[in-house]
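**Q** The structure that follows is given in the form of structure tokens.
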Amino acid sequence: MFESIDALERAFRDELYVAERGLSTSTFLALKLGRPLFLEGEAGVGKTEVAKVLARALRTELIRLQCYEGLDVHQAVYEWNYSRQMLHVRLLEARGDAPKEADLFGPDFLLERPLLRAIRARGPAPPVLLVDEVDRSDEEFEAFLLEVLSDFQVTIPEIGTVRAERPPVVVVTSNRTRDVHDALKRRCLYHWIDYPSLESELAIVMAKLPDAPERLARQVTAFVQELRRAELYKRPGVAETLDWAAALLALDRRALDATVVDETLGVILKYQDDLQRVRGPFARAIHDRVQAAT
Amino acid sequence: MTDLASNLLLFGRVLRGLGLDVSPGRMRDLVVAVGHVGLARRADFRDAARCLLVHRHEDVPLFEAAFEAFWRKPAEGSTHLDLSALGEKRRFRRPRFAAPSASATASADEGPSSPSPAPVLVPVLSPSAQEVLRHKDFAEMSAEELAEVQAFVRKAAQGADAYPTRRRRPGRRPFIDVRRTLRRSQRHGGEVLTWARLERRKKPRPLVVLADISGSMERYTRVLLLFMYGLAERGAAPVEAFVFGTRLTRITRQLRGRDPERALRDVSHAVPDWSGGTRIGESFHAFNFDWGRRVLGRRPLVLVVSDGWERGDPSLLAEEAARLRRSCHRLVWLNPLLGAPDYEPLAQGMKAALRHVDDFRPVHNLASLEDLGRHLATLRGGRASSRPLPSLRSLHA
């Protein structure tokens, strides 16, 4: 555990994650108060990464639950291993024994899904539970999650109630494809991750791609920062900046030029409307400004 | 510390007064949090308070402003005064409800995109008095008649078709419930005699309403909002509601209250341009851009209520309507002018948007509203069924 916000910031930086101060403060408090951290923001700003980095920094296991519509208890908490159960029944029959229910629904046949795994974890440190893209799940699951997050216990009819010895560190992320219910967010510490400033983003690119020439990193970052100010349907995230820099690096570019910008624009813009709007004179204008500045 | 604690509590009360959803539990957490974070750095304290007290992105700016005003050195001025000014500013910005002004309507008609004069509505008369009411144009009704209609509409609002979700429940087809099958087999010594089955659970399809509130549309919009209110009230379908004139405003939260009259009043308070001109294309653009990804995720049915009198650029409207249609289940355009027997969509805005609309329907009287309810309930599956543009003549038949 970290004794101060600065310590957490240092640990994150060691794991190549550049966090703005507000995010560090929220994460620090989530750990101190033992509450889930709810991260919201546009796609590609590094929400999921927070959980991964946190697990590495805390030297503990990351347990990930990817949400989707229709996600239910059998996918999120537990399921019985039916094929094994059936096999067991046949085996007993062959030996002339009758199967007992208590045997069939014992720990041998229980398949742990992420939530149960996080609750039953017995490692040296509590695990980090990542509930990713909770906005993709439906209201029913949200209500269930709220229950689990309030007392970290689940009930399996055949076994009984399982309670966490030490509650896991929970990170919930949302892309806001729909509004998540206030009740769930109220239970958590809320932080909105914004696009990083030019300096932070440059630091991220340099940290993640140490091989990239500084001039290229600067130009790519400045270009994306400018592009985010344009009216686009899908603004490029930090993930796109990193992809683009990596792509240019793979093409052996040491600096941006207008042609390569047009050719590789698809790495950062994913909508046809946006591509059409930006490709050509618009991109050239940004490129010229970036060239002049760096 | 007691000083700090009481200040924290006061701060919490100020935030609640500004409309933030601050629970007492979070206030207690904040006191603990301050112990962890310390007060050495003001920004850290602010971040700590924000992550505990705010849980909606749209509330962040209000929180920051309140924080700046509340936690500052007393020497800079009276804190109390600044805070009341903050509330004052908010109240001031809230526009009053204005009756449709003649000038706004007139200027809308003079816009470059509306070359032909607005068609005159012709009410259809029927023998019985009730029938008269059913077929009377909302615009021609007296206040009492309108009240009667509104009460009816609120009760009668019907949801759209149900759509199959990915969640399952015990049923007849098409999945096998292994767990139940196995449990049942225990009764027969482990022999599987019957398969337990699962089917997809169905849910009412979400609705998104984009309602025009420019001068000429106000009456229809009021009735339609009540229709939506009725839907939301009975949980018949999740409803997201937006109104637009020159700007787009989301009114979903306002429609969630108990009392419809109050809801409508709240709406008129929240909307900056009730009964102004109309910029449909720009409003659609704002919707696609700011809200599309947040409310179109479940592929809802989108209802647009507008007469299509566009003051802005018709080509922008066409482009944005096309985009909107690509990301929803079905785009239904409700136009009260369609109730007039000789109406043709000649206004450039309407013409431009019509190519990208799945259904084009009248919504000028009770009968048409009933038809709409029936139509929504019978929609099934994709949009192929009634994709071709309805012939306008056939709609009046």
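These protein sequence lines are chains A and B, in that order. Numbering-wise (our numbering), the first sequence opens with residue 1 and increments by one. Numbering-wise (our numbering), the second sequence opens with residue 1001 and increments by one. Positions of the beta carbon are idealized from the N, C-alpha and C atoms, including for glycine. Quick caveat, the model's predicted, so the values are computed rather than measured.
1. Give me the DSSP bridge partner(s) of residue 160(A).
2. Check whether the stretch 1311 to 1321 of chain B touches the stretch 1345 to 1357 of chain B, counting contact only when three or more Cβ pairs, one atom from each stretch, lie closer than 8 Å.
3. Quick check: residue 31(A) and residue 137(A), are their CB atoms within less than 7 Å of each other?
4. Pull up the CB-CB distance for residue 1336(B) and residue 1363(B), whole angstroms please, since I reckon it's below 8 Å.
5. For the stretch 55 to 62 of chain A and the stretch 99 to 116 of chain A, state whether three or more C-beta atom pairs, one from each stretch, are separated by less than 8 Å.
6. Rounded to the nearest angstrom, what separates residue 1062(B) and residue 1052(B) at their Cα positions?
7. So, is the C-beta of residue 1294(B) closer than 7 Å to a C-beta in chain A?
8. Need the endpoints of the beta strand (DSSP E) that residue 1057(B) sits in, please.
9. If the cut-off is 7 Å on Cβ atoms, which residues from the stretch 1159 to 1177 of chain B count as contacting chain A, listed in chain order?
10. Using three-state DSSP, classify residue 124(A) as helix, strand or coil.
11. Please list the terminal residues of the continuous alpha helix (DSSP H) segment that includes residue 1171(B).
12. For the putative contact between residue 43(A) and residue 280(A), defined by C-beta atoms under 8 Å, what is the C-beta separation to the nearest angstrom?
13. Along the alpha helix (DSSP H) that carries residue 191(A), what are the first and last residues, could you check?
14. Run down chain B in chain order and give the residues with a C-beta less than 7 Å from the C-beta of residue 85(A).
15. Which partner residues of residue 1314(B) appear in the DSSP bridge assignment?
16. Using 10 angstroms around the beta-carbon of residue 1339(B), count the other beta-carbons present and answer buried if the total reaches 16, otherwise exposed.
17. Which of the three DSSP states, helix, strand or coil, is assigned to residue 245(A)?
18. Among 289(A), 54(A), 6(A) and 156(A), whose alpha-carbon lies nearest the alpha-carbon of residue 169(A)?
19. On the CB-based measure, 16 or more other CB atoms within 10 Å of its CB, does residue 225(A) come out buried or exposed?
20. Taking beta-carbon pairs under 7 Å, can you tell me which members of the stretch 1028 to 1041 of chain B lie near chain A?
21. Consider the Cβ of residue 271(A): report whether some Cβ of chain B lies at a distance smaller than 7 Å.
22. Can you tell me which of the three DSSP states residue 1024(B) falls into?
23. What residues in the stretch 219 to 253 of chain A have a beta carbon less than 8 Å from any beta carbon of chain B?
24. Between the beta-carbon of residue 1201(B) and the beta-carbon of residue 1249(B), is there less than 7 Å?
25. In the DSSP assignment, find the beta strand (DSSP E) that holds residue 78(A) and state where it starts and stops.
26. By alpha-carbon positions, which one of 221(A), 76(A), 232(A) and 254(A) ends up nearest to residue 242(A)?
27. Short of 8 Å Cβ to Cβ, which residues in the stretch 1002 to 1024 of chain B face chain A?
28. Going by alpha carbons, who is nearest to residue 1048(B) out of 1036(B), 1057(B) and 1059(B)?
29. Using a Cβ-Cβ distance cut-off of 7 Å, determine whether residue 95(A) contacts chain B.
30. Mind checking who residue 173(A) pairs with in its DSSP beta bridge?
31. With 7 Å as the threshold, decide whether the Cβ of residue 15(A) is near any Cβ in chain B.
32. Identify the continuous beta strand (DSSP E) that holds residue 1203(B) and give its terminal residues.
33. Is the Cβ-Cβ distance between residue 172(A) and residue 38(A) less than 7 Å?
34. To the nearest angstrom, how far is the alpha carbon of residue 78(A) from that of residue 110(A)?
35. If you drop the 5 nearest sequence neighbours on each side, which residues of the same chain put their C-beta closer than 6 Å to that of residue 1012(B)?
36. In this structure, does DSSP put residue 1122(B) in helix, strand or coil?
**A** For this structure:
1. 156(A)
2. yes
3. no
4. 6 Å
5. no
6. 15 Å
7. yes
8. Neither: residue 1057(B) is in no beta strand (DSSP E) and is coded neither H nor E.
9. 1165, 1166 and 1167
10. coil
11. Segment 1162 to 1176 is the beta strand (DSSP E) holding residue 1171(B); no alpha helix (DSSP H) there.
12. Contact flag wrong, Cβ pair sits at about 25 Å.
13. Where residue 191(A) is concerned, there is no enclosing alpha helix (DSSP H), although the beta strand (DSSP E) it sits in stretches over 189 to 192.
14. 1182
15. Residue 1314(B) is not bridged to any residue.
16. buried
17. helix
18. 54(A)
19. buried
20. 1029, 1032, 1033, 1036 and 1037
21. no
22. helix
23. 231 and 233
24. no
25. 78 to 80
26. 221(A)
27. 1021 and 1023
28. 1036(B)
29. no
30. 39(A)
31. no
32. 1197 to 1204
33. yes
34. 7 Å
35. 1022 and 1027
36. At residue 1122(B) the pLDDT is 29, less than 50, meaning the model places this residue with poor confidence and gives no usable figure here.
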